[in-house]
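Novice: Chains as they are written, first to last, in this note's numbering: chain V, 64 to 173; chain P, 252 to 364.
#1: When every heavy atom of the ligand FAD is checked, does at least one fall within less than 7 Å of the C-beta of residue 301/P?
#2: Measuring CB atoms only, is the segment 259–267 of chain P touching the segment 129–140 of chain V, in the sense that at least three cross pairs come out at less than 8 Å?
#3: Any beta-carbon of chain C closer than 8 Å to the one on residue 106/V?
#4: Could you give the distance in angstroms between the alpha-carbon of residue 134/V and the alpha-carbon of residue 83/V?
#5: At a CB-CB cut-off below 8 Å, which residues of chain P make contact with residue 111/V?
#6: Going by CA-CA distance only, name the one from 327/P, 279/P and 255/P that's closest to residue 269/P.
#7: Excluding the five sequence neighbours on either side, which residues of its own chain have a C-beta within less than 8 Å of the C-beta of residue 294/P, listed in chain order?
#8: To the nearest angstrom, report how far apart residue 81/V and residue 314/P are at their CA atoms.
#9: Can you tell me which of the three DSSP states residue 335/P falls into?
#10: Closer than 8 Å by beta-carbon distance: list the chain P residues that pair up with residue 162/V, in chain order.
#11: Determine the chain V residues that contact residue 342/P at a beta-carbon separation under 8 Å, and present them in chain order.
#12: List the residues of chain V that residue 358/P touches, going by C-beta distances under 7 Å, in chain order.
#13: Quick one: Cα of residue 254/P to Cα of residue 110/V, how far?
#14: Is the CB-CB distance between residue 65/V and residue 90/V below 8 Å?
#15: Contact criterion: CB-CB distance below 8 Å. Does residue 124/V meet it with respect to chain P?
#16: For residue 338/P, go through chain V and note every residue whose CB falls closer than 7 Å to its CB, in chain order.
#17: Under 7 Å Cβ to Cβ from residue 123/V, same chain only, skipping five residues before and after it: list those, please.
#18: Output the distance between the C-alpha atoms of residue 301/P and residue 281/P, rounded to the nearest integer angstrom.
#19: Between which two residues does the beta strand (DSSP E) containing residue 266/P stretch?
#20: Can you say whether residue 151/V is buried or exposed, counting buried as having 16 or more other CB atoms within 10 angstroms of its CB?
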């Protein structure tokens with residue numbers, strides 16, 4: 064089956080720093096989403112981005128579907144950015160599935 | 252409007268008992284998804300509904316798990332004869348259609364003693 068790999072697995076930042084999170088996938092996908100899971104376990108949809116680039120405030124994401132990767136950029140990080148960032152790909156071949164990566168655990172220090 | 256609502260928020264039960272988890276999606280969302288997240292792990296996809304129909308049930312972990320959705324709205328996930336390895340947070344999401352962003356509920360934390 065398809066593999067979804069995220070890197071780095073863990074990341075510690077000083078408040079104000081920038082970072083790039085990566086998601087690689089091993090096969091063609093229909094859609095890709097980025098989620099943030101906060102320390103209380105709530106999952107928030109950040110981007111729905113099967114291709115191209117989107118920006119939302121200090122966050123932006125780029126997916127290059129032909130090369131099978133997506134990047135999530137966090138600029139001027141804040142302590143509230145802490146949590147786990149997941150990418151998830153959607154497949155419709157052989158039935159619908161959403162496959163999540165293992166996540167990048169981010170801790171932003173004040 | 253209201254987000255995805257899941258109940259109960261917590262459930263503790265004895266091994267061997269049956270449990271029923273409920274998900275009330277965002278109004279108007281035709282697609283509904285169930286996931287399981289074990290402690291410190293990523294999300295495991297269980298099943299997807301388009302309307303009342305679940306075209307593929309192969310993601311359900313065993314035949315003790317079943318899910319249904321009636322009236323194109325509320326869905327229930329039922330686990331029969333629960334085992335300790337069923338302990339996890341069960342998350343539900345919904346979206347307008349399958350190719351739209353998924354919005355998650357707060358989950359049901361299930362503990363099997």
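Just so it is clear, CB atoms sit at the ideal spot from N, CA and C, and this is done for glycine as well.
Specialist: Straight from the coordinates:
#1: The ligand content of the structure shown is nil, which means the ligand FAD is not present either.
#2: no
#3: Protein chains in the displayed structure are V and P, and chain C is not among them.
#4: Taking the first chain and counting its residues from 1, the one referred to as residue 134/V is at position 71. Taking the first chain and counting its residues from 1, the one referred to as residue 83/V is at position 20. So the two alpha carbons sit approximately 7 Å from each other.
#5: Position 48 of the first chain, counting from 1, holds the residue named residue 111/V. Within 8 Å Cβ-Cβ: 351 and 352.
#6: As a first step, residue 269/P is located in the second chain; it is residue number 18 there, counting from the start. Out of 327/P, 279/P and 255/P, 327/P has the C-alpha closest to the C-alpha of residue 269/P.
#7: Numbered from 1 along the second chain, position 43 holds the residue referred to as residue 294/P. Correct list, in chain order: 286, 287, 288 and 342.
#8: The residue you call residue 81/V lines up with position 18 of the first chain. The residue you call residue 314/P lines up with position 63 of the second chain. Cα to Cα, residue 81/V sits roughly 46 Å from residue 314/P.
#9: Residue numbering aside, residue 335/P sits at position 84 when the second chain is read from its first letter. Helix at residue 335/P.
#10: For the purposes of this step, residue 162/V is taken as residue 99 along the first chain, with counting starting at 1. Under the 8 Å cutoff, chain P gives 296.
#11: Translated into the one-based positions of the second chain, residue 342/P becomes position 91. 106, listed in chain order.
#12: What you label residue 358/P is simply residue 107 of the second chain in a count that begins at 1. Correct list: 104.
#13: To locate residue 254/P, count along the second chain from 1; it is residue 3. To locate residue 110/V, count along the first chain from 1; it is residue 47. For residue 254/P and residue 110/V, the distance between alpha carbons rounds to 18 Å.
#14: Translated into positions along the first chain, residue 65/V becomes position 2. Translated into positions along the first chain, residue 90/V becomes position 27. Yes, these two residues count as a Cβ contact at 8 Å.
#15: Counting from one through the first chain, the residue named residue 124/V turns up at place 61. Not closer than 8 Å to any Cβ of chain P, the Cβ of residue 124/V fails to qualify, so no.
#16: Locating residue 338/P in the second chain gives position 87, counting from the first residue. The contacting residues do not exist; residue 338/P stays about 15 Å from chain V at best.
#17: The residue you call residue 123/V lines up with position 60 of the first chain. Within the same chain, residue 123/V has close Cβ partners 116, 117 and 136.
#18: What you label residue 301/P is simply residue 50 of the second chain in a count that begins at 1. What you label residue 281/P is simply residue 30 of the second chain in a count that begins at 1. When rounded, the distance between both Cα atoms is 6 Å.
#19: As a first step, residue 266/P is located in the second chain; it is residue number 15 there, counting from the start. Here residue 266/P belongs to no beta strand (DSSP E), and DSSP marks it neither H nor E.
#20: Position 88 of the first chain, counted from the start, is the residue given in the question as residue 151/V. Result: buried.
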